[in-house]
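Working notes, structure below.
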Amino acid sequence: MNASRVAVTVVQVAFMIAISPFVVGVMRKVRARLEGRVGAPISQPWRDLRKLSRKQRMVSEHTSWVFSISPIVLVASTVTIAAVVPTLSTVAALAQVGDLFTVAYLLLLGTVFLALAGLDTATAFGGMGASRAMTVAAISEPTILVSIFALSVTAGSSNLGAIVTTTLDHPSSALSPESLLAFAALVVVVVAEAGRIPVDNPASHLELTMIHEAMVLDVSGPDLALVELSAHMRMVVLFGLLANLFIPWGVATSAAPGALAIALVAVLVKILGLGVVIAVVEVFLAKLRIFRVPELLAASFVLAFLAVTASFFLGEPA
Amino acid sequence: MSDTTFTQLLDLAVGTVVVASFAALWLRRLVGVINILAVQGVALAAVALLLGVHESEPELVAVALMVLVLRGLVLPGLIMRAVHTTGARAEVESLINVPSSLLAASVLTLFAYAVSRDLVALADTPHAQAMPLGIAVALIGILMLVTRRKAIMQISAILMLDNGIALVMFLGTSGVPVAVELGIASDVLLAVLVLQVLTFRIHLEFGGGDLDQLTELRD
Numbered sequence: 081m082n083a084s085r086v087a088v089t090v091v092q093v094a095f096m097i098a099i100s101p102f103v104v105g106v107m108r109k110v111r112a113r114l115e116g117r118v119g120a121p122i123s124q125p126w127r128d129l130r131k132l133s134r135k136q137r138m139v140s141e142h143t144s145w146v147f148s149i150s151p152i153v154l155v156a157s158t159v160t161i162a163a164v165v166p167t168l169s170t171v172a173a174l175a176q177v178g179d180l181f182t183v184a185y186l187l188l189l190g191t192v193f194l195a196l197a198g199l200d201t202a203t204a205f206g207g208m209g210a211s212r213a214m215t216v217a218a219i220s221e222p223t224i225l226v227s228i229f230a231l232s233v234t235a236g237s238s239n240l241g242a243i244v245t246t247t248l249d250h251p252s253s254a255l256s257p258e259s260l261l262a263f264a265a266l267v268v269v270v271v272a273e274a275g276r277i278p279v280d281n282p283a284s285h286l287e288l289t290m291i292h293e294a295m296v297l298d299v300s301g302p303d304l305a306l307v308e309l310s311a312h313m314r315m316v317v318l319f320g321l322l323a324n325l326f327i328p329w330g331v332a333t334s335a336a337p338g339a340l341a342i343a344l345v346a347v348l349v350k351i352l353g354l355g356v357v358i359a360v361v362e363v364f365l366a367k368l369r370i371f372r373v374p375e376l377l378a379a380s381f382v383l384a385f386l387a388v389t390a391s392f393f394l395g396e397p398a
Numbered sequence: 003m004s005d006t007t008f009t010q011l012l013d014l015a016v017g018t019v020v021v022a023s024f025a026a027l028w029l030r031r032l033v034g035v036i037n038i039l040a041v042q043g044v045a046l047a048a049v050a051l052l053l054g055v056h057e058s059e060p061e062l063v064a065v066a067l068m069v070l071v072l073r074g075l076v077l078p079g080l081i082m083r084a085v086h087t088t089g090a091r092a093e094v095e096s097l098i099n100v101p102s103s104l105l106a107a108s109v110l111t112l113f114a115y116a117v118s119r120d121l122v123a124l125a126d127t128p129h130a131q132a133m134p135l136g137i138a139v140a141l142i143g144i145l146m147l148v149t150r151r152k153a154i155m156q157i158s159a160i161l162m163l164d165n166g167i168a169l170v171m172f173l174g175t176s177g178v179p180v181a182v183e184l185g186i187a188s189d190v191l192l193a194v195l196v197l198q199v200l201t202f203r204i205h206l207e208f209g210g211g212d213l214d215q216l217t218e219l220r221d
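Protein sequences appear in the order of chains P and B. Its first residue numbered 81, the first sequence is counted upward by one per residue in my numbering. Its first residue numbered 3, the second sequence is counted upward by one per residue in my numbering.
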């Protein structure tokens, strides 16, 4: 593990932290403009975080230590994911641990602690949000695993960096049926994990429909800033993963500053593009009834499953 | 057309046929299911066309055209007319819920792979390798046939079953004489026409297309 690799990792994490709130801001702006509103400036999520971090931290006296450590676990797991996922470069210091199983379980770790925090306050909404978040996670986590697994069959490795490099070497494999199926499955899951419409409404404060918002009702001040920052980062990291797995061009395969600079621009363009597309599609969708969500996720699981069978039985290893 | 491009396009077309059958299980609106069947018919025609171009057999291209017109346009159009004339309710009713039917369909796909292992081992060509998917589509058609309660859905299911059989036929033989396809096609057309009339009579007589009500004899 030499110094340049560590530097690459630090740049990658700093970049993800810096752009996440802006990407969220851009998506909100796009939605607002399409709905005929002016919308908040795109730096608004950053301003919200700054405001929250200055506020007083209020903790209910009925909560235990789980509630206090949850935001920290959430943010720590998210930063770790940002460090291991090959968003900027495939040669980051932690690339060896950048395994799809690591990423899936780090994601789940954050989700579980957020749900525990929701349960710990023993409020009705916290429990309801936690139960819904677990319902979604129980179906979407296996789908993430299975759909990326379909790609790893072609690459011969479950390391995310190796998968990205294989797609770079064999551009035509990005259009094979298994990778299209896996892409479709992963899009649905990323939307579900990021808490966007049609699974969850990020702008909703109507108690009956909330998932994420219901869990964090009792979190306040700097803790809420951490939770919100992690939520933004999780979404952007997932966008980056999705973009790089299927459209890997522009990712740096070395630690050279020039390649890294190109990768910065390319990843920003890809993530923003994906964010804008999702924001535009969201305007035309209604949120699904919560009981219909498992149907949608089951469909995406089946797509992922088909992708795996197809890559085992149809595709010859590249 | 190079071999790898051919394999990829063929896999893509066959994949579309399979995904369409899953989508037909997933959708809740009758009209949506019928549109999906049309998409499936077009993808099936693409399979035949690809095989025809690859083996340079003009006859297979003619078959592809026939499949496109019949399975992509005429048959779905006929079912669509049946929906409009009977005024059937727009929602699909099923004996098992959507996630279970999707999971059942994926188990059937695995089963199709398992039973056709020996068939695939016979020839090492891309179309032979995709053959299990044709069997899977046929099995999903049967699943739809036994779990959906509306008469119109049952016609759609028969059409899907037949699409699956046709897919196996194209992939397995790589070259069907026009006469054979013509015979099969007119058979299916006749079956759908008869079933359409039957559905219409059922609606006229009983005011609904729910086949569960027809299991008991009454005077």
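All C-beta atoms in this analysis are idealised placements derived from N, C-alpha and C, irrespective of residue type, glycine included.
Output needed for residue i: all residues of its chain with C-beta closer than 8 Å, excluding positions within five of it in sequence on either side, in chain order.
i, result
"B:Leu52", "Phe8, Leu11, Leu12, Ala15"
"P:Val226", "Ala265, Phe381, Ala384, Phe385, Ala387, Val388"
"P:Ala112", "Val118, Gly119, Ala120"
"P:Leu248", "Pro328, Trp329, Val331, Thr333"
"B:Leu147", "Gln156, Ala159, Ile160, Leu163"
"B:Ala47", "Ala66, Leu67, Val69, Leu70, Arg73, Gly74"
"P:Leu199", "Gly206, Gly207, Ala210"
"B:Met82", "Val33, Ile36"
My understanding is that residue i touches residue j, with C-beta atoms under 8 Å, so please give their C-beta distance in whole angstroms.
i, j, result
"P:Leu377", "P:Val216", "7 Å"
"B:Glu61", "B:Lys152", "38 Å between Cβ atoms; not a contact."
"P:Thr167", "P:Met313", "Wrong, their Cβ atoms sit about 11 Å apart, outside the cutoff."
"P:Ala230", "P:Ser391", "5 Å"
Where residue i and residue j are concerned, what is the direct C-alpha to C-alpha distance, given to the nearest angstrom?
i, j, result
"P:Val164", "P:Leu352", "21 Å"
"P:Ala398", "P:His250", "The pLDDT assigned to P:Ala398 is 37, lower than 50, so where the model puts this residue is not dependable; a value taken from the coordinates is nonetheless given after this. Cα to Cα, P:Ala398 sits roughly 7 Å from P:His250."
"P:Leu412", "P:Ala210", "Given that chain P is displayed from residue 81 to residue 398, the structure contains no residue 412 of chain P and the question cannot be resolved."
"P:Pro374", "P:Gly207", "19 Å"
"B:Ile137", "P:Phe393", "14 Å"
"B:Ala132", "B:Phe208", "44 Å"
"P:Val349", "P:Val269", "21 Å"
"B:Leu80", "B:Val20", "22 Å"
"B:Thr201", "P:Ala197", "56 Å"
"P:Ser300", "P:Tyr185", "26 Å"
"B:Glu183", "B:Val65", "7 Å"
"B:His205", "P:Ile291", "44 Å"
"P:Thr170", "P:Val307", "28 Å"
"P:Ile431", "B:Asp126", "For residue 431 of chain P there is no data in the structure shown, the boundaries of chain P being 81 and 398."
"B:Ala26", "B:Thr149", "13 Å"
"P:Val267", "P:Ser133", "32 Å"
"B:Leu39", "B:Ala22", "7 Å"
"B:Val109", "P:Ala379", "14 Å"
"P:Phe147", "P:Glu141", "11 Å"
"P:Val244", "P:Val106", "27 Å"
"B:Asp189", "B:Pro179", "16 Å"
"P:Val183", "P:Phe95", "19 Å"
"P:Ile342", "P:Ser259", "25 Å"
Can you find the residues in the same chain that come closer than 6 Å, C-beta to C-beta, to residue i, ignoring five residues on each side of it along the sequence?
i, result
"B:Thr18", "Ala45"
"P:Asp179", "Ser238, Asn239"
"B:Arg119", "none"
Please tell me whether residue i and residue j are closer than 8 Å, where the distance is taken between their beta carbons.
i, j, result
"B:Leu169", "B:Val122", "no"
"P:Thr191", "P:Ala162", "no"
"P:Ala283", "P:Phe205", "no"
"P:Leu194", "P:Leu154", "yes"
"P:Met315", "P:Ala359", "no"
"P:Arg85", "P:Ala339", "no"
"P:Phe326", "P:Ala254", "yes"
"B:Leu145", "B:Ala114", "no"
"P:Lys135", "P:Pro278", "no"
"B:Gly166", "B:Gly143", "yes"
"P:Leu174", "P:Thr246", "no"
"P:Leu354", "P:Ala323", "yes"
"P:Arg108", "P:Pro302", "no"
"B:Phe172", "B:Val41", "no"
"B:Ala257", "B:Leu124", "The structure shown does not extend to residue 257 of chain B, since chain B is modelled only from 3 to 221, so the question has no answer here."
"P:Thr160", "P:Thr201", "no"
Give me, in chain order, the residues of the same chain whose beta-carbon lies closer than 7 Å to that of residue i; leave out the 5 immediate sequence neighbours on both sides.
i, result
"B:Trp28", "Val100, Leu104"
"P:Val363", "Arg111, Leu114, Glu115"
Relative to chain P, which residues along the stretch 89-110 of chain B have a C-beta separation below 9 Å, given in chain order? Residues passing the 9 Å Cβ filter: Asn99, Val100, Pro101, Ser102, Leu104, Leu105, Ala107, Ser108.
Which of the residues in the stretch 209-242 of chain P, read from start to end, lie with their CB under 8 Å from any CB of chain B? So nothing in the stretch comes that close.
Residues of the stretch 28-39 of chain B with a CB closer than 8 Å to any CB of chain P: list them in chain order, please. Answer set for the stretch 28-39 of chain B: Trp28.
What residues in the stretch 256-280 of chain P bring their beta carbon closer than 9 Å to a beta carbon of chain B? Going along the stretch 256-280 of chain P in chain order, one finds Ser256, Pro257, Glu258, Leu260, Leu261, Ala264 with a Cβ nearer than 9 Å to chain B.
Between the stretch 361-375 of chain P and chain B, which residues of the former have CB atoms less than 8 Å from a CB of the latter, in chain order? Within the stretch 361-375 of chain P, the residues whose Cβ lies closer than 8 Å to some Cβ of chain B are Pro374, Glu375, listed in chain order.
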